[in-house]
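Residue numbers (our numbering), protein chains in the order written: chain F, 556 to 850; chain E, 2 to 313; chain S, 1137 to 1581. Report on the following structure.
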Amino acid sequence: MTALREETSVPVADHRRGDRPRRKRQRPNWGAGLAALAWLVFVGVPIYLMIKDSFQPKDAYLDGGPLSLPRKLTLDNFAEVFRSGYTRYLINTAVVTVASVALTVLLAFPAAYAIVRSRSRIVSGTFRIFLAGLAVPAQATIIPVYLMISRMHLYDSLTAIILPTVAFGLPLSVLVLSSALRDVPRELYEAMTIDGGGSFRLMWSLALPLSRASLTTISVYSALNAWNGFLFPLILTQSPEQRVQTLGLWNFQNQFGANVPGLMAAVLLSAIPVFVVYLFARRWLIAGLAGAGGK
Amino acid sequence: MTAVAGARRGRRRSAASAGADRAARPGAVWILPAVLFFGVFAGVPLLLTAVLSFTDWNGLGTPNFNGVANWRHALTDSAIWESMRISLVFMVLCWVVQTPLALLIGVWAAGRELNRAVLSSIFFLPLLMSTAAIAITWRVLLDPNFGLAATVGPWIGFPDGNIAGDQHGALGAVVVVIAWQFVPFHSLMYQSATRQIPKMLYDAALIDGAGRFQQFWHITLPQLRNTIITSSVLMLVGSLTYFETILIVTNGGPGTATMVLPQRMYNSAFQSFQMGYASVIALVLAALGTALSLVIVRFSGYGKMRSTLEGI
Amino acid sequence: MGDSPLSRRTFLSAAGAAGIAGLTAPLLSACGTSGPSGGGGGGKKTLQAWVLQDDGQNPIQQASLDDFNKSSSTKIKLVEIPNSGSSGYTDKLRIGMGSPNPPDLLFNWGTGSIQDYAASGRLVDLTSQLNSDPTWKSAWIPSVLDAGKAADGKYYGIPMRGMQPVLLFYNKTLFAQHGQKPPATYDDLLKLVTYFDSQKIQPFALGHVDAWPNLMWLEYLVERLGGPSVFADILAGKPNAWSNPIVLDALHRIQDLVDRRAFGTNFASVNYVNDGAGLLFAKGKAAMHLMGTWEYSNQVDKHPDFAKNDLAFAPFPTITGGKGDPNNVVGNPTNYYSISRKSKDVNAAISFLKKEMSSQMYIDKLIKAGDVPAATGLEARLAASPGPEFAKYVYQMVQKAPSFTLSWDQALPSRFTDPLHNNLQKVFLKKMTPEKFTQVLGQVK
Chain F
556 MTALREETSV PVADHRRGDR PRRKRQRPNW GAGLAALAWL VFVGVPIYLM
606 IKDSFQPKDA YLDGGPLSLP RKLTLDNFAE VFRSGYTRYL INTAVVTVAS
656 VALTVLLAFP AAYAIVRSRS RIVSGTFRIF LAGLAVPAQA TIIPVYLMIS
706 RMHLYDSLTA IILPTVAFGL PLSVLVLSSA LRDVPRELYE AMTIDGGGSF
756 RLMWSLALPL SRASLTTISV YSALNAWNGF LFPLILTQSP EQRVQTLGLW
806 NFQNQFGANV PGLMAAVLLS AIPVFVVYLF ARRWLIAGLA GAGGK
Chain E
2 MTAVAGARRG RRRSAASAGA DRAARPGAVW ILPAVLFFGV FAGVPLLLTA
52 VLSFTDWNGL GTPNFNGVAN WRHALTDSAI WESMRISLVF MVLCWVVQTP
102 LALLIGVWAA GRELNRAVLS SIFFLPLLMS TAAIAITWRV LLDPNFGLAA
152 TVGPWIGFPD GNIAGDQHGA LGAVVVVIAW QFVPFHSLMY QSATRQIPKM
202 LYDAALIDGA GRFQQFWHIT LPQLRNTIIT SSVLMLVGSL TYFETILIVT
252 NGGPGTATMV LPQRMYNSAF QSFQMGYASV IALVLAALGT ALSLVIVRFS
302 GYGKMRSTLE GI
Chain S
1137 MGDSPLSRRT FLSAAGAAGI AGLTAPLLSA CGTSGPSGGG GGGKKTLQAW
1187 VLQDDGQNPI QQASLDDFNK SSSTKIKLVE IPNSGSSGYT DKLRIGMGSP
1237 NPPDLLFNWG TGSIQDYAAS GRLVDLTSQL NSDPTWKSAW IPSVLDAGKA
1287 ADGKYYGIPM RGMQPVLLFY NKTLFAQHGQ KPPATYDDLL KLVTYFDSQK
1337 IQPFALGHVD AWPNLMWLEY LVERLGGPSV FADILAGKPN AWSNPIVLDA
1387 LHRIQDLVDR RAFGTNFASV NYVNDGAGLL FAKGKAAMHL MGTWEYSNQV
1437 DKHPDFAKND LAFAPFPTIT GGKGDPNNVV GNPTNYYSIS RKSKDVNAAI
1487 SFLKKEMSSQ MYIDKLIKAG DVPAATGLEA RLAASPGPEF AKYVYQMVQK
1537 APSFTLSWDQ ALPSRFTDPL HNNLQKVFLK KMTPEKFTQV LGQVK
């Protein structure tokens, strides 16, 4: 629903600027402030420990206890993670993520466009398939998916991860996009048709630019799905050459054993690419996330 | 959900002015690639899962039909019922813990004060980490001898830090990890929804002399109704399928205290290699997920919109 | 139950219901076919050797492949696969073996672990190769080579690692400080438990979370109480084999040990795979550790000072009145390489095993890493081990053992793994009675 609201919220944003002075008239909310601080501790302590441990030598971690202040700092843990081939895993994950987003948009947008604009019965019938697909958990199909991927000779390839990941993201993407497309006024289509536009041109130069916000939403949503993917890579890939970052981390957990600083360095490194994207495209990412929740 | 809301609107509009429309209409071909793709990689597998549930197959060679043997076994297998119970308890706990927290944090973070903006940017940090990264971090924290659990355990009733090794502690720990990961996401939804509540509603309430609590109770909460439903669907259906968090943090243990359905299915399929039996569990899982979202949609009044869709 | 083979046609009609039959046709077409496939024509081939990920072992395996690749046109590549809790090497192996391009060489535990693959004709029968080459066959300790046979009595595996009986490891420095000796009898063991517990030292480290370490206790207690026939009956699927009073007695003793805090109080949160238990032991927080011989090379690798100065070992104590021979051992005889029949170059894989597995270089590297290879005539060469005393001890222990019981979870068919692991965990946690355990396991079919 947020996807829809985003586009209709322009006037809301306008009068928001008037918020500030009025809000200030209320007393500060001390109770909420204290609760927020408690939540800050809950969220912050694990993050602090993760960052601290990743810069600590192994022995300092074992002897110091979890809450001690760091005494010695080192970058060795990061060097060790990179030596274990982590760059490769990040590149693989990036490939999977970019390909998944591209494929999702490529498939979902024409479908959503057809759902909104077409009068075909087939289209309305298939739309219901997507609705039903919303609640199917990917886990439930993992055995046949594995069977199919291996019979298609795609086992242990990045393609094997991308295909089902995209398929299970499609229903939500189609729904979000079609809801946004419905808000494109019919008159615009008619106006453009008078100018001599066919269906493709209507989609390309009218529908596409007008649904940018929802495209953001589904891009962020499918990117996060691909980035987080665990079960599909676990079952459908094998070799280190095809390993994605989530499995890489899991692998480190086994390989590093009690070398917690090394493990935490790997965890920290896995968050950095998202963090960089976040810094450069904060508003975009947050809007997308909020939209993804709104389906 | 938006689709649904939007669908109704679109329907009305097109119904009102049907016939007066001269713009080009795309044919069914446009939807074909997406449908084929979804059908092949999600639809067919689901059908095959159903077929496999009537077979005996160890993952090698050819599956043999064995009738309803797997289903009959599932009915009497206490392990499945135990997992179902654990999954349901887990689901309810996840919802009860996360919803109030996410709601309060979201509404609080919707305020435009500087301190709220700064704190909420920290609150949203877990969003940057993958599920695997979060689960691995917490597993380290939960180590009873060298992790945070050794320090914090005694404060919360686990003098030996044995949180993840305790029947209830383990389930609680997983719920906490899930909350840590997902409350930021749901808060974000509530935050953006709260910011869209028309300001004049609060202005009117202020004139009536409504306090902060009354404003929250009589304006914010009813206005967030749709967000609460959406967020709940995501939480409930999601908690049926969280698999890697449990796999990494407790591996279903201690014993089978956190052996939720997805992990039971995984173990049946890829450890005991009883693919047919695992398919039964998979179908139960799919049915539970679908039933759950249908029930919520009905009870929340979304069902009407769903039926509106059928005329599109 | 009248099982009818699920034909391709039936499957397709199911898929056809979705209207996409054409796309799923290739899906099952490869089902059930096995046997060597053509492979790439003429060009250089690369085979895959799948092994368990192990920082100490993998470089040695890599060295043997490097040596082989130097002089072979077919190259072999090492693929290291991690093992963790319930999801790891065996799952991956099954998925890989079910795929159209299975690993060419596969690390395994022999017997039960390869049973399904051997029975479905996926492995190369090495019997004739071994019989026609007596020098090769005699390079291996016969009992260990034989332990790798599948149920059909054929050889499918060549030993590729050290022997892995389970031993009672203890911290000799800690024992000396407290004036204690390793237990000779079970009563001694109970006294040590009481003593160390009173000294606030955990008597035994236990990686409970990973499930299989718990099994070692059951295996040894059953062996000492009733001898090898008890598990042989279970393996043979004899009726009521699980509810044998010996099994019940062993399970009751396990719960008694838990009550005595033999494993401390928080063992339920401790793993083995991620060095949880090994670390407790190395840091002197636990006095003893019942574990396979790989614990030795593990400690050499992760905590070298501890391995050098403090680590010692003893056999599992005898139980007064028990029927098992005190020389009997349980554990894993060794790990084996088997060859997949679908391999692109079966002959190259065989010549790799012939050339490298018993080579002086490979065996010496294993010895240097703390392993005790299953090769014959090593008495003198074991002096090169980082723990020569340990190596010789294990070498003799295996050779003089009248019986070597394979770890239950490796010996039994895979459908037992999950119930065995989960329910034994519950017995340790006292969430299940021994009687219920034997009843539940007896119902696995």
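Glycine included, every Cβ here is placed at the ideal spot set by N, Cα and C.
Interface flag for T251 (chain E) against chain F is unset, since no Cβ pair is found closer than 8 Å.
L622 (chain F) sits exposed, since fewer than 16 C-beta atoms from the chains shown fall within 10 Å of its C-beta. Just so you know, the alpha carbons of F807 (chain F) and P795 (chain F) end up roughly 12 Å apart. A direct Cα-to-Cα measurement between N1376 (chain S) and F1573 (chain S) gives close to 13 Å.
When CB distances to chain F are screened at a threshold of 8 Å, the residues of the region 251 to 269 of chain E falling below it are P263, M266, Y267, in chain order.
Under DSSP, E745 (chain F) takes part in no beta bridge, so it has no partner.
Counting only the Cα atoms, V97 (chain E) lies some 19 Å from F217 (chain E). At least 8 Å separates the beta-carbon of L804 (chain F) from that of A778 (chain F). Chain E has no Cβ within less than 8 Å of the Cβ of G1414 (chain S). Contact between the region 1207 to 1217 of chain S and the region 680 to 690 of chain F is absent: fewer than 3 CB-CB pairs across the two stretches fall below 8 Å.
Taking C-alpha positions only, Q197 (chain E) is separated from A649 (chain F) by approximately 34 Å. Within the model, the alpha-carbon separation for H1388 (chain S) versus P1570 (chain S) is close to 6 Å. Rounded to whole angstroms, the gap between the alpha carbons of L732 (chain F) and V660 (chain F) is 9 Å. Put simply, of F:P719, F:Y603, F:M605 the residue whose alpha carbon is nearest the alpha carbon of F787 (chain F) is F:P719. Not one beta carbon of chain F lies nearer than 8 Å to the beta carbon of F91 (chain E). Proximity of I1231 (chain S) to chain F, defined by a Cβ-Cβ separation below 8 Å, is satisfied.
In the DSSP annotation of this structure, the continuous segment of the beta strand (DSSP E) that includes I1212 (chain S) starts and ends at 1211 to 1217. For Q1300 (chain S), the three-state secondary structure derived from DSSP is strand.
Less than 8 Å separates the beta-carbon of V671 (chain F) from that of L736 (chain F). The closest CA to that of Q264 (chain E), considering only F:D614, F:A587, F:I697, is found on F:I697.
The beta carbon of Q694 (chain F) sits no closer than 8 Å to any beta carbon of chain S.
Under the three-state reduction of DSSP, I684 (chain F) is assigned to helix. Contacts between P1218 (chain S) and chain F, judged by CB atoms closer than 7 Å, involve N806, N809, Q810 in chain order. For F597 (chain F), the closest of E:L149, E:F91, E:N227, E:N163 by C-alpha to C-alpha distance is E:L149. Interface with chain S (8 Å Cβ-Cβ cutoff): I164 (chain E) is included.
Straight across, the Cα-Cα distance linking F1399 (chain S) with A1484 (chain S) is about 48 Å. Straight through space, the alpha carbons of P145 (chain E) and P601 (chain F) are spaced by roughly 16 Å. Scanning the region 1308 to 1380 of chain S from its first residue to its last, the whole alpha helix (DSSP H) runs of 4-plus residues come out as 1308 to 1313, 1322 to 1334, 1348 to 1362, 1365 to 1371.
In the DSSP assignment, F811 (chain F) falls within the alpha helix (DSSP H) that extends over 800 to 811. Just so you know, the alpha carbons of A669 (chain F) and G28 (chain E) end up roughly 7 Å apart. For L662 (chain F), the C-beta contacts it makes with chain E under 7 Å involve P34, A35, F38, in order along the chain.
Put simply, the CB of V1436 (chain S) is far from chain F, with every gap to its CB atoms at 8 Å or more. When beta bridges are read from the DSSP output, Y1472 (chain S) appears opposite S:N1244, S:P1295. At a cut-off of 8 Å between beta carbons, W839 (chain F) makes no contact with chain E.
Within the region 1388 to 1417 of chain S, the residues whose Cβ lies closer than 9 Å to some Cβ of chain E are G1400, T1401, N1402, F1403, A1404, S1405, V1406, N1407, N1410, G1412, L1415, L1416, listed in chain order. In the three-state reduction of the DSSP assignment, Q1184 (chain S) falls in the strand class, which pools E and B.
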